[in-house]
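Residue numbers (the working numbering), protein chains in the order written: chain A, 1 to 308; chain B, 1001 to 1308. A virtual CB, placed ideally from N, CA and C, is assigned to each residue, including glycine.
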């Protein structure tokens, strides 16, 4: 089934304990669409860049069969830019610079062919822009997921909650879940967030894995323990892309299949962090994905012997 | 097979965001032996208390078929006392007070019946005391596990490393694994620690679960997401007790069975944190343990559908 995503397509400057990249391609929609492209053809991307954005990267996305018909290119303007620095634990980062540029007055316009999308992933963006995307759809999709961040909770809680009330799946990190719900316990946070609208909550905990909540059910997927994590940038978006890519591919919203989606999201995220930026995500093979899925099975599965 | 444990039997004063307990029973060996008692009869406890320690608690331990023949009671002396305060995230705590009392010159003496123990769990203690226990054994046990903490890394690294070189399984938390190995990556830390002697490493991450490393193999068990965590004190020791209890019960050191031990450790720890101190651990039923094991299966297991 068709998958649409909206989010940033941008430049990042990244500093980690392992190296530095001054100006590489990033952005939520870039990571989401690349990850999803391993599960779905013709992922429909909605975003905006300036005329400084490299054509070769757009060609890379097209080669992965990502539709760029919804990508606006603004002549004489610059692409969104974010600079951040990671500390040794790789779970904490400081934002050093944010230049909105084309994002400042981004008005997403959906091509006709996008308006019947059955699965929608709203990447982290101004809640009003996420809402503008939903408003242009011809009918309610089979599933809408959204990502957001603490910044919108601090500055635009009302419009954020309006979007949250319209989505099926919310994907946020643990600190954001606590902030949004006012609860320290993630179980309590999940139930508060269900009252806001979503029926599914994915809590991303970085190197500590991800939790999927639905009603009274809960599923946990660890992050793959890696020898080296070079750059965590985009891992959460990559997770979301793999997750929604699998759901759109299978069209199956059973909890058992949502578990698989969480695992595939974790599989794709485990590749993302192995190199800077989108490098690793451009070059995956089906074999690599299958082998890594096997590693997740060995990492998590055990055979039960009961006490008697 | 027989299981021996050495560690503190003590008083704790605990403050959490949910309440306060001025003087309750705690101690590594208390938690370890209680947890292990659900898997093994006649867990052999080695420790020391003062004459201030309540007889009714000793009776509770005996009711769980824990052998106290190796417990020294020092007339006219006071039991070890620790006071700590947890913050909202429950993963960080401050030590407010430590009174060694009887622990200051503790010389463990193993009764004859203890000296052929096939499984040994060295709870967190002065490394020299842990070594004294190993020295009194008649033969090399089938498996020796040890716990320790950053305090001994700061103050007694040489004697700590000597004990580590003698054990099969090391159970420490993630920060301690990083400190001991000088590595930020837990995968790299595991390989450095294997060079020190142990063949198995369990890294406890509190609410973020536990990792088991062995050679190139790795297994992960999450902590059960709970509505409320009342008191994390003793959760790591309870994990170790459940883990070694299952190993001693089954006598099986295959990696597949070690996975089960990690899960049973996690099951027991999930009960421990539900009430203050050892309250919850005194009252478990076989049904409760089996039901919680089922929750861990649902929390972690997924059926694979491969990409094609």
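Looking only at its chain, what residues have a beta carbon closer than 6 Å to the beta carbon of residue 1199 of chain B, apart from the 5 residues adjacent to it on each side? To locate residue 1199 of chain B, count along the second chain from 1; it is residue 199. Cβ within range, chain order: 1168.
Short of 6 Å in beta carbon distance, which residues of its chain neighbour residue 1082 of chain B, apart from the five on each side in sequence? Order them along the chain. Residue numbering aside, residue 1082 of chain B sits at position 82 when the second chain is read from its first letter. If we look at residue 1082 of chain B and ignore the five residues flanking it on each side, its Cβ neighbours are 1012 and 1098.
What residues in its chain sit with their C-beta under 8 Å from that of residue 292 of chain A, if we drop five residues either side in the sequence? For this step, residue 292 of chain A is matched to residue 292 along the first chain. 224, 267, 270 and 271.
Does the count of Cβ pairs from the stretch 4–23 of chain A and the stretch 121–138 of chain A closer than 8 Å reach three? yes
Delimiting residues of the beta strand (DSSP E) encompassing residue 1131 of chain B: As a working note, residue 1131 of chain B is residue 131 in the second chain. First-last for residue 1131 of chain B: 1127–1135, but that is the alpha helix (DSSP H), not the beta strand (DSSP E).
Would you verify that the beta carbon of residue 259 of chain A is, or is not, closer than 8 Å to some beta carbon of chain B? Position 259 of the first chain, counting from 1, holds the residue named residue 259 of chain A. Yes, because at least one Cβ of chain B sits closer than 8 Å to the Cβ of residue 259 of chain A.
Look at residue 136 of chain A and residue 115 of chain A and say whether their C-beta atoms are less than 8 Å apart. Taking the first chain and counting its residues from 1, the one referred to as residue 136 of chain A is at position 136. Taking the first chain and counting its residues from 1, the one referred to as residue 115 of chain A is at position 115. Cβ distance < 8 Å, so residue 136 of chain A and residue 115 of chain A count as in contact.
Does any CB atom of chain A fall closer than 8 Å to the CB of residue 1202 of chain B? As a working mapping, residue 1202 of chain B is identified with position 202 in the second chain. With 8 Å as the cut-off, residue 1202 of chain B does not count as an interface residue toward chain A.
Using a Cβ-Cβ cutoff of less than 7 Å, which residues in the same chain neighbour residue 60 of chain A once the five nearest sequence positions on both sides are dropped? Sequence index remark: in the first chain, residue 60 of chain A carries index 60 (1-based). Answer for residue 60 of chain A: 282, listed in chain order.
Identify every run of the alpha helix (DSSP H) within the stretch 1031–1069 of chain B, keeping only runs that are complete inside it and at least 4 residues long; order them along the chain. 1055–1063
Give me the Cβ distance between residue 14 of chain A and residue 252 of chain A, rounded to the nearest whole Å; I'm assuming they're in contact under 8 Å. Your numbering for residue 14 of chain A matches position 14 in the first chain. Your numbering for residue 252 of chain A matches position 252 in the first chain. Going by Cβ atoms, the distance from residue 14 of chain A to residue 252 of chain A rounds to 36 Å, so no, they are not a contact pair.
In angstroms with no decimal places, state the Cα-to-Cα distance between residue 46 of chain A and residue 132 of chain A. Counting from 1 along the first chain, the entry for residue 46 of chain A is found at position 46. Counting from 1 along the first chain, the entry for residue 132 of chain A is found at position 132. Roughly 11 Å between the two C-alpha positions.
Supposed contact pair residue 1226 of chain B and residue 1262 of chain B - C-beta distance, whole angstroms, cut 8 Å: In the second chain, residue 1262 of chain B corresponds to position 262, counting from 1. In the second chain, residue 1226 of chain B corresponds to position 226, counting from 1. That pair is no contact at about 18 Å.
Does residue 14 of chain A come out as helix, strand or coil in the three-state DSSP assignment? Walking along the first chain from the start, residue 14 of chain A turns up at place 14. Strand.
Proximity winner among B/1071, B/1265 and B/1280, relative to residue 1044 of chain B (alpha-carbon distances): Position 44 of the second chain, counting from 1, holds the residue named residue 1044 of chain B. Nearest of B/1071, B/1265 and B/1280 to residue 1044 of chain B, Cα basis: B/1071.
Return no unless some Cβ of chain A is closer than 8 Å to the Cβ of residue 1219 of chain B. Taking the first residue of the second chain as 1, we reach residue 1219 of chain B at position 219. For residue 1219 of chain B, the answer is yes, since a Cβ of chain A falls inside 8 Å of its Cβ.
Alpha helix (DSSP H) runs wholly inside the stretch 158–191 of chain A, at least 4 long, in chain order: 174–181
Can you list, in chain order, the residues of its chain whose CB lies under 6 Å from that of residue 368 of chain A, leaving out five sequence neighbours each side? Absent from the model: residue 368 of chain A. The displayed extent of chain A is 1 to 308, so no value can be given.
Using a Cβ cut-off of 8 Å (strictly closer), state whether residue 300 of chain A contacts chain B. Looking up residue 300 of chain A in the first chain gives position 300. It does; some Cβ of chain B falls within 8 Å.
CB contact below 8 Å: residue 304 of chain A versus chain B: Along the first chain, one-based indexing puts residue 304 of chain A at 304. Chain B contact via Cβ: present.
Using a Cβ cut-off of 7 Å, pull out every chain B residue sitting near residue 290 of chain A, in sequence order please. In the first chain, counting from the first residue as 1, residue 290 of chain A sits at position 290. The answer, in chain order, is 1306 and 1307.
Counting only C-beta atoms, is residue 1214 of chain B closer than 8 Å to chain A at any point? Counted from its first residue, the second chain places residue 1214 of chain B at position 214. For residue 1214 of chain B, the nearest beta carbon of chain A is not closer than 8 Å to its own beta carbon.
Opening and closing residue of the beta strand (DSSP E) in which residue 268 of chain A lies: Within the first chain, residue 268 of chain A is the residue found at index 268, counting from 1. Not the beta strand (DSSP E): residue 268 of chain A falls in the alpha helix (DSSP H), residues 255–272.
Rounded to a whole number of angstroms, what is the C-alpha to C-alpha distance between residue 1142 of chain B and residue 304 of chain A? Numbered from 1 along the second chain, position 142 holds the residue referred to as residue 1142 of chain B. Numbered from 1 along the first chain, position 304 holds the residue referred to as residue 304 of chain A. The alpha-carbon atoms of residue 1142 of chain B and residue 304 of chain A are separated by roughly 23 Å.
Give me the chain A residues within the contact set of residue 1144 of chain B, using Cβ-Cβ distance strictly less than 7 Å, ordered along the chain. Taking the first residue of the second chain as 1, we reach residue 1144 of chain B at position 144. By Cβ distance, chain A contributes nothing, its closest Cβ being about 23 Å from residue 1144 of chain B, past 7 Å.
Out of B/1237, B/1295, B/1276 and B/1297, state which residue places its alpha-carbon closest to the alpha-carbon of residue 1036 of chain B. Looking up residue 1036 of chain B in the second chain gives position 36. Of the listed residues, the one whose Cα sits closest to residue 1036 of chain B is B/1237.
For residue 1051 of chain B versus residue 1027 of chain B, is the C-beta distance shorter than 8 Å? Residue 1051 of chain B sits at position 51 when you count from the first residue of the second chain. Residue 1027 of chain B sits at position 27 when you count from the first residue of the second chain. Cβ distance not < 8 Å, so residue 1051 of chain B and residue 1027 of chain B don't count as in contact.
The stretch 177–200 of chain A: positions lying closer than 7 Å to chain B by Cβ: 184, 185, 186, 187 and 188
Cβ atoms of residue 204 of chain A and residue 173 of chain A: under 8 Å apart, would you say? Here residue 173 of chain A refers to the residue found at position 173 of the first chain. Here residue 204 of chain A refers to the residue found at position 204 of the first chain. Yes, the Cβ-Cβ distance between residue 173 of chain A and residue 204 of chain A is below 8 Å.
In this structure, how does DSSP classify residue 1087 of chain B when only helix, strand and coil are distinguished? Counted from its first residue, the second chain places residue 1087 of chain B at position 87. Correct three-state label for residue 1087 of chain B: coil.
Is the separation between the beta-carbon of residue 30 of chain A and that of residue 278 of chain A shorter than 8 Å? Residue mapping note: residue 30 of chain A aligns to position 30 of the first chain, counting from 1. Residue mapping note: residue 278 of chain A aligns to position 278 of the first chain, counting from 1. Closer than 8 Å, so yes.
Are the C-beta of residue 1263 of chain B and some C-beta of chain A separated by less than 8 Å? Stepping through the second chain from its first residue, residue 1263 of chain B is reached at position 263. Answer yes: the Cβ-Cβ gap between residue 1263 of chain B and chain A drops below 8 Å somewhere.
Give the interface partners of residue 1228 of chain B over in chain A, defined as CB-CB distance under 7 Å, in chain order. For the purposes of this step, residue 1228 of chain B is taken as residue 228 along the second chain, with counting starting at 1. Ordered by position in chain A, the residues that pass the 7 Å Cβ test against residue 1228 of chain B are 185.
Are there 16 or more other CB atoms within 10 angstroms of the CB of residue 176 of chain A, so buried, or fewer, so exposed? The residue labelled residue 176 of chain A in the question sits at position 176 within the first chain. The residue in question, residue 176 of chain A, is buried, as its Cβ has 16 or more Cβ neighbours within 10 Å.
CA-to-CA distance, residue 1068 of chain B to residue 222 of chain A, given in whole angstroms: Here residue 222 of chain A refers to the residue found at position 222 of the first chain. Here residue 1068 of chain B refers to the residue found at position 68 of the second chain. Going from the Cα of residue 222 of chain A to the Cα of residue 1068 of chain B covers about 40 Å.
Which term fits residue 1104 of chain B, buried or exposed, when burial requires 16 or more other beta carbons within 10 angstroms of its beta carbon? Taking the second chain and counting its residues from 1, the one referred to as residue 1104 of chain B is at position 104. When all chains shown are included, residue 1104 of chain B counts as exposed.
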